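Chains as they are written, first to last, in my numbering: chain H, 1 to 162; chain L, 1001 to 1660. For glycine and all other residues, C-beta sits at the position ideal for the given N, C-alpha and C. Everything numeric in this text was worked out from a predicted model, so none of it was measured.
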Amino acid sequence: MHDSLTKELKRILYWIKPEICFVCNRCVSGCPVAEVHSEYRPNKIVKLAYLGFIDELIQSGIIWYCTQCLKCSERCPMDVHPASVIVALRNIASKKKLPPEAWIKMAKNIYVYGRITPEMGVVSKDRKLIKREDLNLRTPVVSKELIRRLYDETLFPINLGD
Amino acid sequence: MEARIGVYICHCGKNIAGTVNVSELRDFASKLPGVIIARDYVYMCSSTGQNLIKEDIKKLGINRVVVAACSPSMHLETFRRAVAETSLNKYLLEMSNIREQCSWVHTDPKKATEKAKRIIAMAIRKVSSFVPLEEIQREVQRKVLVIGGGIAGIHASIELAKAGYEVTIVDKAPTIGGKMMFFDKTFPTLDCAQCILAPRISEVTKLNNVKILTNSEVIEVRGGPGKFHVKILKKPRYVDEAKCVACGNCSEKCPVEVPNEWWFGLGKRKAICIPFPQAYPNAYLIDPNACLRLKLKRDVCGLCYKACDRDAIKFDMNEEIIEDTFGAIIVAIGGEPFDASRVVEYGYGKFRNVITGIQFEILTNVAGPTNGEIIRPSDGKEPRTLVFIQCVGFRNVNYNEYCCRIGCVESIKHAIIAKEKLKDATIYICAPEIRAFGKGFEEFYKGARERGIIFIKGLPSELKEDHDGKVIVQVYDASTDKILNIEADLVILSTGLQSSKDHEKISEILRIPRSSDGFILEKHPKLDPTATPIAGIFVAGVAQGPKDIPDSVAHAEGAAARVISFLAKGELELEPFKAKVNDELCSKCLICVRVCPFSALSIEKEGSLSKITVDEALCIGCGICAAACPSGAITIPNVFLEPILLEIEGALRWHRCMTL
């Protein structure tokens, strides 16, 4: 049990009461991740977190599976918001520099390219590489400052250099 | 008479003494002017505590009593009875509430004690102005109004009629019988609902002292306990009940077809119809919103009129207002199923093969549109896979937070009926847990498992429909930790019972409160479940909260017994707090007559002069007239005006009360 972590979780999630879950399992039934990962169950994560198993959860990496589709929060009859609990757990994990490698890579991509994967373009029939600007498509403009601030706020453990 | 006040402070175990410093409060009270003695005791309501008061009245000549304890609605009567056992008048007692209004709601002992001092000073100042009063005896009408003719209303009426009371049943539907009339079988014994209800209906209709008004609504209630003046609106049926023999010739000829609300939209009915064959009164009626002639208000169609050889159809029937006086009222208005279309993700109303529990009841009913055959509504084929989904609209913060209490066992019943009719069908019940709490319910649940009905521990998140009408149910089963994908032919949503618009309407008309779930509030959740906070008005069955049939019947019989004990003496003792008009101060401005919500005040001629008179039977002593009177001509003994002014003085100058 880690009292300080549980306290931290309750501080972040002061606006919800995950204790009132009565295990109707609607969050699991509709979850697109639970369908493919047999160990991923939103209500199980919520209960484990509130029983004090936060360290195990953030070490196991299971919290990074969630796609944040928010279906569990939407369908919950008790307004428990499992998706928000998972975000809070991710914040705690970030503080401890625990996010998976791939996540840090994605975060860097967002900083550099404004999206998760860098732009790759498509190859036409006559083997020409076509980029966005060739098709007159707008390239998203990213405020690097804003993203840097976002990472600072969430304490995401990332070294963006200068 | 000089006031000799005795103050009695209750510890209520630790309920009061845990927060309020009782000995400090006692010392404070004993120093206030007029106080002869102040005592504290651990349970003032016990007979030892009551004896303390009685002894002091005898030995010390106490002539005003203040009890500082719980809410007067809890124990005022207890202490009044104790005082009445001595020579003192029982209306010379005042209770001050230092539990609900002080110790229970505060945590800081110091501040709570200071507040308790103010509360007690208010009562001590107030009680000094009290005068002895006598109770008012009032004759009661030995007649009872039962609103709602469902299973609860019918049972209460039968019991009351057998005890010799005159009963009037008012039902807004064109027949009595209520929701139970639509049931095929009842849980947990699986006996046919019609077979147990129809004899009760025929029994109630044969009793001479029961009057049944269908298609009627209560629109106004005036007066008070023992004498309620009630106005009932009887809507036209357009068919003479006495002449109609329910042969059905009219309905055969009728050209208008509309969805049948008696079958919850599963079939069609004609504009002239009968809800079900066993209806009482056993007569057809015309739906004025569907009938061409009544809708267009023109001399058209009239086919039913021509078909009827008994001359029973009367297009010129009008609304009728019936006025009567009753001694007591029983509210037995039942409830309604939850509107499943509000839960959008389950697609009720959009997906053809998603129906509600009550619709399934109609499907299995022999008198229903399919003659009891279970079919898929989309193509009329026999379903192979059935899925029941529990808790739709209940145990949910977005709809109803309470448990519907009948859904679990209702679905088990449906599943067993379906298993009997469709031998090799696969039946699933999706529920987080099964609540089988009643007598014989757990055995019934076991019986369902023995029959091979599959229980899934979990609810689906949403439903999807494929091109040929199959409903895809993706549901997680906690007991196997697997996510199942079921292709269901028929999905049944268990929609339980909730309060309806009628609860809102009836609580306004009768001025009775409702609980947060919308149902009628009972006087005490454990010790007085059939009375409402208003004397003379009782509640029976689902009107008070969701119930199954055995509970409804027990509750209704309890309400009937309460009404009998309420009216049996033939007279009532009313509290003497009634408005009194000082004719010399009165300027006959009639403001009081206009503001009285109970129409208790009126102006009457006495020779060449006129005078305001108060009908003590109607006045409840609310004090609205007294507050509105510009000349200060209206007083209410022991309530208004001096007692209130003294009470305010006690509240504001409590710290100076000692020097007053």
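> If you draw a straight line from the alpha carbon of S1087 of chain L to that of S1071 of chain L, how long is it in whole angstroms?
Replying inline: 25 Å
Could you list the residues in the stretch 1454-1474 of chain L with a C-beta less than 8 Å from some C-beta on chain H, going in chain order?
K1457, G1458, L1459, P1460, S1461, E1462 and Q1474
Sort out for me which residues DSSP pairs D1191 of chain L with in a bridge. L:T1186
Are the CB atoms of K1211 of chain L and I1219 of chain L within a distance shorter than 8 Å?
no
Quiz item: DSSP beta-bridge partners for C1586 of chain L?
Solution: Answer is none; C1586 of chain L lacks a bridge partner.
>> I want to see whether chain L comes within less than 8 Å of V85 of chain H, judged by CB atoms only; does it?
In response: no
Checklist entry - Can you name, in chain order, every residue of its own chain whose Cβ lies under 7 Å from the Cβ of E8 of chain H, other than the five neighbours on each side? => result I92
Selected residue, minimal CA-CA separation from Y14 of chain H, among H:G114, H:F156 and H:A88
H:A88
Using CA atoms only, rank isn't needed, just tell me which of L:T1214, L:Y1346, L:C1254 and L:E1323 is closest to G1178 of chain L.
L:T1214
Query raised in the report: Which residues share a DSSP beta bridge with Y1346 of chain L?
Result: BP columns for Y1346 of chain L are empty, so no partner.
Which whole-angstrom value is the C-beta distance of V1595 of chain L and I1624 of chain L, which I expect to be below 8 Å? 5 Å
What is the DSSP secondary structure of V1475 of chain L, counted as helix, strand or coil?
-> strand
Original post:
From D162 of chain H to K131 of chain H, what distance separates their C-alpha atoms?
Top reply: Its pLDDT being 47, under 50, D162 of chain H is placed unreliably in this model, and the value from its coordinates should be taken loosely. The straight-line gap from Cα to Cα measures roughly 28 Å.
Closer than 8 Å, CB to CB, is P18 of chain H near chain L or not? no
Q | Bridge partners - D1676 of chain L, DSSP secondary structure assignment | A | Examination of residue 1676 of chain L is not possible in this model, given that chain L is present from 1001 through 1660 alone.
Under 9 Å Cβ-Cβ, which residues of chain H neighbour R1395 of chain L?
F22, C24, P77 and M78
Q: Could you tell me if the beta carbon of C31 of chain H falls within a distance shorter than 7 Å of some heavy atom in the ligand SAM?
A: Although the ligand SAM was asked about, the structure shown includes no ligands whatsoever.
Measuring straight from C-alpha to C-alpha, what distance separates V142 of chain H and N109 of chain H?
11 Å
Helix, strand or coil at L135 of chain H [DSSP, three-state]:
helix
*State the DSSP-derived secondary structure class of P42 of chain H, mapped to helix, strand or coil.*
helix
Cut-off 7 Å between Cβ atoms - residues of its own chain near P118 of chain H, not counting five sequence neighbours on either side | N109
Using alpha carbons as the reference points, say which of L:E1055, L:A1328, L:Y1445 and L:D1466 lies closest to D1223 of chain L.
According to the sequence as given, residue 1223 of chain L is Gly; it is not Asp. Nearest option by C-alpha distance: L:A1328.
**Prompt:** What separation, rounded to the nearest whole angstrom, lies between the Cα atoms of A1415 of chain L and Q1359 of chain L?
**Reply:** 14 Å
For L1259 of chain L, is the classification buried or exposed, using 16 other Cβ atoms within 10 angstroms of its Cβ as the cut-off for buried? Reading off the sequence, residue 1259 of chain L comes out as Pro, not Leu. By the neighbour-count rule (16 or more Cβ atoms within 10 Å), P1259 of chain L is not buried but exposed.
Looking at chain H, is there any beta carbon in it that lies within less than 8 Å of the beta carbon of Y1402 of chain L? no
Three-state secondary structure (DSSP) of I1412 of chain L | helix
Can you tell me which of the three DSSP states D1489 of chain L falls into?
coil
Which residue marks the beginning of the alpha helix (DSSP H) containing G1680 of chain L, and which one marks its end? The shown model of chain L, from 1001 to 1660, leaves out residue 1680 of chain L, and the question about it has no answer.
What in chain L is Cβ-close to K71 of chain H, meaning under 7 Å? S1461
Let me see if you follow: with CB-CB separation under 8 Å, is V29 of chain H close to chain L or not?
A small correction: the amino acid at residue 29 of chain H is Ser; Val does not occupy that position in the sequence shown. At least one chain L Cβ lies under 8 Å of S29 of chain H.
### Task
Find out if the Cβ-Cβ distance for the pair A1436 of chain L, C1408 of chain L is shorter than 8 Å.
yes
- prompt: For A1531 of chain L versus P1225 of chain L, is the C-beta spacing smaller than 8 Å?
  reply: no
Give me the Cα-Cα distance between R75 of chain H and D1316 of chain L, rounded to the nearest whole angstrom.
-> 53 Å
I1483 of chain L: contacting residues in chain H (beta-carbon distance under 9 Å): V28, S29, C31, A34, E35 and S38
Quick check: the Cα distance between G1452 of chain L and E1508 of chain L, rounded to an integer number of angstroms?
49 Å
Looking only at its chain, what residues have a beta carbon closer than 8 Å to the beta carbon of K1588 of chain L, apart from the 5 residues adjacent to it on each side?
I1603, S1610 and I1612
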